[in-house]
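Per our numbering, residue 33 is the first one in the sequence shown, and the count goes up by one each step. Ideal placement from N, C-alpha and C gives every residue a C-beta, glycine not left out.
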Amino acid sequence: MADQGISKQLAKVKHIILVLSGKGGVGKSSVTTQLSLGLVHQGFKVGVLDVDLTGPSIPRMLGLDGKQVHQASNGWVPVYADEKQRLCCMSIGFLLQNKNDSVVWRGPKKNAMIKQFLQDVCWGELDYLIIDTPPGTSDEHISVVEFLKEFNPDGAVIVTTPQGVALADVRKELSFCKKVELPILGVVENMSGFVCPHCAECTNVFSSGGGESMAKDYGIPFLGRVPIDPSFTSMVETEGDGSYVNKFETSNLFPTFQKITEQLTAQHTK
């Protein structure tokens, strides 16, 4: 039976997507951020839930460091990243007294925190709730999937890099999704090349095509390759206050994520 508190808060959320990665350092939170921005620029209202409890980076990625969560009569109000309130976010990063404080919790406390996020955050009407998860397959993943099972999440986007060591861990992530019956919406190959800030030429720093080849082998959609783009990194590091929500259209990666989000939205029939 579905949890009544979670049912109340997710009642007006149309689609739920989890973003997973087999290992750390593949740019999962960066992909989560740009997926969310891409959806916003398609006209959707988007929420981002950061359940990477020990490494919450979404507040920084969205230019929301130092923002506070406010308590309303019916729960926590998420932090909005733009004046039009098209993009909102909840993260444990907003709840820490010092953003540099470490979160040293065992599994049960992590599970309770994730449940509280799902029960207490007032998302309101959302077209998409994007959930940024920790790397690997840990307590957080199991908890999120179990708590959301009755709500039929749309599925998972898997983030990898082209190297073989990353792809090996992603195969374990695919196995996890199969075991918990979480649909796989597609694979994103991140850090697939480097965009020169001077001439805009893309050069393969590592390798390329590993994610696409793996997706083909497993019969799952390949959503696209995302190169390393210094201009996006600079935008995230320097703008702050969510001002780059509007400036994302000028990013070199904007067309890439428009194509990725178009593929995702095309899969949904709800």
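Rounded to the nearest angstrom, what separates residue i and residue j at their Cα positions?
i, j, result
"K55", "P167", "5 Å"
"G251", "L119", "32 Å"
"C228", "S283", "13 Å"
"A298", "Q148", "32 Å"
"K302", "F76", "Note that K302 scores 46 on pLDDT, short of 50, meaning its location in the model is unreliable; the coordinates nonetheless yield the value given after this. If you take the alpha carbons of K302 and F76, they lie about 15 Å apart."
"I174", "C209", "10 Å"
"T64", "D84", "12 Å"
"V109", "E157", "13 Å"
"K141", "V135", "11 Å"
"S16", "G125", "The question about residue 16 has no answer, for the chain in this structure spans 33 to 302."
"I38", "S207", "27 Å"
Can you tell me whether residue i is helix, strand or coil according to DSSP?
i, result
"I163", "strand"
"V101", "coil"
"K302", "Only weak support is given to the placement of K302: the predicted model assigns it a pLDDT of 46, under 50, and the question is left unresolved by the model."
"K44", "coil"
"C209", "helix"
"L255", "strand"
"L188", "Rather than Leu, the amino acid found at residue 188 in this sequence is Ala. Three-state DSSP puts A188 in a strand."
"L296", "helix"
"V58", "coil"
"S53", "strand"
Quick one: what's residue i bridged to in DSSP?
i, result
"L150", "DSSP output for L150 lists no bridge partner at all."
"L119", "V78"
"W108", "Q103 and V153"
"T235", "F226"
"E221", "T192 and R257"
"L158", "V45"
"S245", "S245 pairs with nothing; no bridge assigned."
"I216", "A188"
Taking residue i and residue j to be in contact with their CB atoms under 8 Å, please state how far apart those CB atoms are, rounded to whole angstroms.
i, j, result
"L217", "A188", "6 Å"
"K60", "V72", "That pair is no contact at about 19 Å."
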